[in-house]
Amino acid sequence: MWDKIKDQAKTFQQSQGTRGASGSGQGSHGPLGGGRSGSSSGGSKAQLIGMFKSQLASAKNELKSGAYRDASMAMCALVAAADGRVEPAERQRVEELIVSNEVLQNFPADQLRQRFNQHVDRLLANFEQGKAEALQVIAKAAKKPAEARAVVQTGMVVAGADGSFEQSEQYAIREACTALNIPPSEFGV
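Under full-length UniProt numbering, think of the first position of the sequence shown as 1, with each following residue one higher.
See below:
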């Protein structure tokens, strides 16, 4: 699975190559800090997550709209709650990823936390209704293809930050892709 996603990411990165030259640098500090490699295949997972981080960082100057901010927070919440629960430690870990995110630093951290937590609370109160609301917010980013893909990349980075990519997280990513009119196969899900 990760090899397929990695190939998709490389293809996407190559298609975006000319854009990356005008973006911010691709240093070692990715937009959604830290992930653990986990298993023996963790190296390729970490490389994939690093690739998504670099792609996001290269588009930082283009990702300043409220639609991107809101869709990204809805995506983070959807991925965090994909299995139907969000433990306090998981919520805190995702919040830390969000506020340390190089791209999301375009926005005040309190706004990001508030939007993320509102979506998580809605998902935990009534998962189906919360999911529908999150997907509506995510769909608003579809107007700008670069933002739409960045929302999915943000979700992929959050999903892979713990070293695993659960079936429920893959399903959440697929649903977001559908809402954004992006073929899920573009991201290997």
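C-beta: ideal position from N, C-alpha, C; glycine also.
Quiz item: Around the Cβ of Q153, are there at least 16 other Cβ atoms within 10 angstroms (buried) or fewer (exposed)?
Solution: Position 153 of the sequence shown, counting from 1, holds the residue named residue 153. Q153 should be labelled buried.
Exercise. Report all residues from its chain with a CB closer than 7 Å to the CB of E95; omit the five preceding and five following residues, and keep chain order.
Key: Taking the first residue of the sequence shown as 1, we reach residue 95 at position 95. If the five residues before and after E95 are omitted, its C-beta is found closer than 7 Å to the C-beta atoms of R113, F116, all from its own chain and listed in chain order.
Quiz prompt | Start and end residues, alpha helix (DSSP H) containing K131 | solution = The count along the sequence shown starts at 1 and reaches residue 131 at position 131. Residues 127–139.
Quiz item: What do you reckon, are the CB atoms on V79 and E169 nearer than 9 Å?
Solution: As a first step, residue 79 is located in the sequence shown; it is residue number 79 there, counting from the start. As a first step, residue 169 is located in the sequence shown; it is residue number 169 there, counting from the start. Yes. Within cutoff.
Quiz prompt | Between the CA atoms of G66 and G160 - distance to the nearest angstrom | solution = Numbered from its first residue, the sequence shown carries residue 160 at position 160. Numbered from its first residue, the sequence shown carries residue 66 at position 66. A straight-line Cα-Cα distance of about 25 Å links G160 and G66.
Quiz prompt | Enclosing alpha helix (DSSP H) for S100 [first to last residue] | solution = Your numbering for residue 100 matches position 100 in the sequence shown. Element bounds for S100: n/a, residue is neither H nor E.
Quiz item: Does the beta-carbon distance from V99 to A109 come in below 9 Å?
Solution: Counted from its first residue, the sequence shown places residue 99 at position 99. Counted from its first residue, the sequence shown places residue 109 at position 109. With respect to A109, V99 sits close: the two C-beta atoms are nearer than 9 Å.
Quiz prompt | DSSP three-state assignment for R85, whether helix, strand or coil | solution = As a position in the sequence shown, residue 85 is number 85, starting the count at 1. Reduced to three states, the DSSP call for R85 is coil.
Practice problem: Compare the C-alpha of V103 against each of A172, P183, S72, K143 and name the closest. | Solution: In the sequence shown, residue 103 corresponds to position 103, counting from 1. Nearest of A172, P183, S72, K143 to V103, Cα basis: S72.
Exercise. Could you please give the first and the last residue of the uninterrupted alpha helix (DSSP H) stretch that includes I173?
Key: Within the sequence shown, the letter at position 173 stands for residue 173. Counting along the chain, the alpha helix (DSSP H) containing I173 begins and ends at 167–179.
Self-check item: Straight-line gap, L180 to K140 (C-alpha atoms, nearest Å)
Solution: As a position in the sequence shown, residue 180 is number 180, starting the count at 1. As a position in the sequence shown, residue 140 is number 140, starting the count at 1. Computed Cα separation, rounded: 8 Å.
Practice problem: Use the C-beta contact count for A77: other C-beta atoms within 10 angstroms, 16 or more gives buried, fewer gives exposed. | Solution: Taking the first residue of the sequence shown as position 1, residue 77 is located at position 77. That one is buried.
Quiz prompt | V86 versus K144: straight-line alpha-carbon distance, rounded | solution = On the sequence shown, position 86 is the one that residue 86 refers to. On the sequence shown, position 144 is the one that residue 144 refers to. Straight-line Cα distance between these residues: approximately 30 Å.
Practice problem: Return helix, strand or coil for P184, following the three-state DSSP convention. | Solution: In the sequence shown, residue 184 corresponds to position 184, counting from 1. DSSP places P184 in helix when its eight states are reduced to three.
Exercise. Pick helix, strand or coil for F107, following the three-state DSSP scheme.
Key: One-based indexing of the sequence shown puts residue 107 at position 107. Coil, per DSSP.
Practice problem: Please list, in chain order, all residues of the same chain as V151 whose beta carbon is under 8 Å from its beta carbon, the five residues on each side excluded. | Solution: Residue numbering aside, residue 151 sits at position 151 when the sequence shown is read from its first letter. Counting only Cβ-Cβ distances below 8 Å, and skipping sequence neighbours, we find Y68, A71, S72, M75, I138, A141, A176, L180.
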